[in-house]
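Peer 1: One structure, as structure tokens, below. Some questions next.
Residue numbers (the numbering used here): 7 to 706.
Quick look at the structure:
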């Protein structure tokens, strides 16, 4: 026996107590041992492939697997697929989670969890994914990569559920992770179009330290290069990683062309940009009666998103304008000191917030951040949006806490009618031509019909020729006076004969006397340039008006000739019936036109029987393809007795019945048969019946 704290305790009791204590220590140590060890990074990919981007996103996962998770970096992916776009990797169509190891493929058997069909546009789905990634794969820092379609209203439209994640919903999910798990997401990257908007960055809230997104299209992030850097130097500073991502993206810009952009922003400095934007908006709004024309002019001049993929929605896409460039344009047109200072403060705030920025050559005046800024009241508050809402509803925090929407409302609902003169582009015609006589089409002539609702006014027409990849190659401006009604104006745009061959786009903008955009059009793939000029003529059709002709009558044959080449041509066309020449025609045909003529073949000296027709164009000098210079008529002409409508070599009761059935019809009526109109006067009448009756009973 021994004494513990004044109490007698047996030796056995002490042994038992010691054993219990040892078991507690072991259990605690074992529990600690099975907890996942925190790594430096967890790269969390929220991949909404429930849309037409399915194939791309499967490829992205494969690129991530080229690096794979390591001892310091977790790579986890949640991907929701859809039926009907691609069938690779087993064509699974639900939502699965993957822990990405080196060489892994997105096959169903490689998933660590299957969730069934989920709504990727639901913030609860995003929250569930973030909670899972943080709890199961803890790390010192977290990178949330959100992949899907995107625009100002939101990201990841789910084609099955018809829902979209709004910026406020993403903020809510981030805040829930922070309050529930005590974890903040350090970086958010958007492989989604048009997500580097001030409205979006503002409404994401305070959680992400860094936001990386594009003002333009966003596609093909170089995940292999990005993750290789992260794995090689997992402890690098977050800003350094963000800069490397922008650098790598610029190196891969050839995949998207010169319109591509990417920027990384320090979220903690975005409030300064918001305050500077709101201050500038308040000053402009307070003086709109003085500055109204200048504000619209600056908005018109500020660089905007390229509408290349969606030319039919040009006005909407050009409403997304670079905020930095708008401030620069405001400084050019308003000399007021308070406006100059406010614009300078906005420029400096954007520069201070930007960690890294890159833009392709098609956007020389992009600086990483855009804002909703239409130049037309018809577009304001009536934006194209698949799942979105009008501006004030889609961005409630932004519109409640800043003056920007108040400026837009005053500008477009209050003063717009008095600021604009309203001119329009009513129509256009485009023709390519050889500008330097080297036999290459290298220029485009655009004839424009323009009109005004008001009095006579001088306007400026600006035209831009754009390569297949979106890069401007020529730009011209012409001043035109509209005389109070309508007029026609001409623009000529050029490309080099040795330039990049392909289909070129054209943008035409109509400015009023203040430099305000009054109308604009975007013509997609309007001209193939440069193109070597060709001689290319063809017989398009040979068509007899009648397939049964009475011997001695005139057989009328329509021939259509096409000139698809680039030269006016002088042609010799010969037509044969069973190898016998029946017509020679000479004609001049302009480029890119067709000409028809009618052959009147006298069948008096022709034997009865069936005749095959063929028309032939004599090859022109320099014509490379002559296979379509000959056209064989698909129908034969039967020369027979007048009245032998069924061409069975006699005039009998069947022919009488046939003409009787359509007697009295004219060529404007559906029942009319041209073969029964023997004298070709446009109607089946008594004169045709007399001819049939005269030959009744005859045969050959």
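Glycine included, every Cβ here is placed at the ideal spot set by N, Cα and C.
1) Please determine, among 499, 467, 501, the residue with the shortest C-alpha to C-alpha distance to residue 486.
2) In the structure shown, what three-state DSSP assignment does residue 102 receive?
3) Would DSSP call residue 334 helix, strand or coil?
4) Quick check on the DSSP output: the beta strand (DSSP E) that includes residue 637 runs from which residue to which?
5) Taking the straight line between their C-alpha atoms, what separation do you get for residue 642 and residue 548?
6) If I'm right that residue 337 touches residue 355 with Cβ under 8 Å, what's the distance once you round it to whole angstroms?
7) Answer with buried or exposed for residue 448, where buried requires no fewer than 16 other C-beta atoms within 10 angstroms of its C-beta.
8) From which residue to which residue does the beta strand (DSSP E) around residue 45 run?
9) Using 10 angstroms around the beta-carbon of residue 156, count the other beta-carbons present and answer buried if the total reaches 16, otherwise exposed.
10) Using 10 angstroms around the beta-carbon of residue 373, count the other beta-carbons present and answer buried if the total reaches 16, otherwise exposed.
11) Just to confirm my understanding: we take residue 258, look at its own chain, exclude 5 residues before and 5 after, and list those with CB closer than 7 Å. What are they?
12) Rounded to whole angstroms, what's the CA-CA distance from residue 246 to residue 427? Just pull it up for me.
13) Please return the same chain residues whose Cβ sits closer than 8 Å to the Cβ of residue 34, not counting the five positions on each side in sequence.
14) What is the DSSP secondary structure of residue 478, counted as helix, strand or coil?
15) If we ignore side chains and look at the alpha-carbon of each, how far apart do residue 582 and residue 692 end up?
16) Would you please state the rounded distance, in angstroms, between the beta carbons of residue 432 and residue 341? I believe it to be under 8 Å.
17) Please check the pair residue 298 and residue 425, which I expect to be a contact at CB under 8 Å, by giving their CB distance rounded to whole angstroms.
18) Measure from the alpha carbon of residue 572 to the alpha carbon of each residue in 331, 536, 511, then state which is nearest.
19) Starting from residue 410 and walking both ways along the alpha helix (DSSP H), at which residues does that stretch end?
20) Would you call the region 192 to 204 and the region 212 to 222 in contact, with 3 or more CB pairs under 8 Å?
21) Given residue 169, which residues of its chain have a CB within under 7 Å of its CB, disregarding the five upstream and five downstream residues?
22) Using 10 angstroms around the beta-carbon of residue 419, count the other beta-carbons present and answer buried if the total reaches 16, otherwise exposed.
23) On the CB-based measure, 16 or more other CB atoms within 10 Å of its CB, does residue 285 come out buried or exposed?
24) For residue 681 and residue 616, what's the separation of their Cα atoms in angstroms?
25) What's the gap between the Cα of residue 57 and the Cα of residue 223?
26) Going straight from the alpha carbon of residue 386 to that of residue 523, what length do you get?
27) Tell me which residues share the same chain as residue 92 and place their Cβ nearer than 6 Å to its Cβ, disregarding the 5 neighbours each side in the sequence.
28) In angstroms, rounded to a whole number, what distance separates the CA positions of residue 623 and residue 686?
29) Quickly, what does DSSP pair residue 327 with across the bridge? List them, please.
30) Indicate whether residue 635 and residue 595 have their beta-carbon atoms separated by less than 9 Å.
31) Can you check whether the CB of residue 375 is closer than 9 Å to the CB of residue 311?
Peer 2: According to the structure shown:
1) Of 499, 467, 501, the residue nearest in Cα terms is 467.
2) In the three-state DSSP reduction, residue 102 falls in the strand class (E or B).
3) Here residue 334 sits in helix by DSSP.
4) Unbroken beta strand (DSSP E) run through residue 637: 636 to 638.
5) Put simply, the backbone Cα of residue 642 is about 11 Å away from that of residue 548.
6) The distance from the Cβ of residue 337 to that of residue 355 is about 15 Å, inconsistent with a contact at the 8 Å cut-off.
7) When all chains shown are included, residue 448 counts as buried.
8) Residues 45 to 54.
9) Classification of residue 156: buried, given that the 10 Å Cβ count is 16 or more.
10) With at least 16 other beta carbons inside 10 angstroms of its own, residue 373 counts as buried.
11) Cβ within range, chain order: 226, 228.
12) When rounded, the separation of the alpha-carbon atoms in residue 246 and residue 427 is 50 Å.
13) Its pLDDT being 47, under 50, residue 34 is placed unreliably by the model, and the measurement read from it follows with that caveat. Setting aside the 5 residues that flank it on each side, residue 34 has no residue in the same chain whose C-beta is closer than 8 Å to its C-beta.
14) Strand at residue 478.
15) When rounded, the distance between both Cα atoms is 34 Å.
16) At roughly 37 Å, the Cβ-Cβ gap does not stay under 8 Å, so residue 432 and residue 341 are not in contact.
17) Right, the Cβ-Cβ distance comes to about 5 Å (below 8 Å), so this counts as a contact.
18) Minimum Cα distance to residue 572 is reached at 536.
19) Residue 410 -> alpha helix (DSSP H) spans 410 to 415.
20) The answer is yes - the region 212 to 222 touches the region 192 to 204, with three or more Cβ pairs under 8 Å.
21) 125, 127, 128, 393, listed in sequence order.
22) Burial call: exposed.
23) Residue 285 counts as buried, since at least 16 other C-beta atoms from the protein chains shown sit within 10 angstroms of its C-beta.
24) Taking the straight line from one Cα to the other gives about 15 Å.
25) Rounded to whole angstroms, residue 57 and residue 223 show a C-alpha spacing of 16 Å.
26) Whole-angstrom Cα-Cα distance: 14 Å.
27) Annotation for residue 92: 60, 61 place their beta carbon closer than 6 Å to its own, counting only its chain and skipping 5 residues before and after.
28) Residue 623 and residue 686 have their alpha carbons spaced roughly 29 Å apart.
29) Beta-bridge analysis with DSSP links residue 327 to 310, 377.
30) For the 9 Å CB-CB criterion, residue 635 and residue 595 do not form a contact.
31) No, they are not a contact pair.
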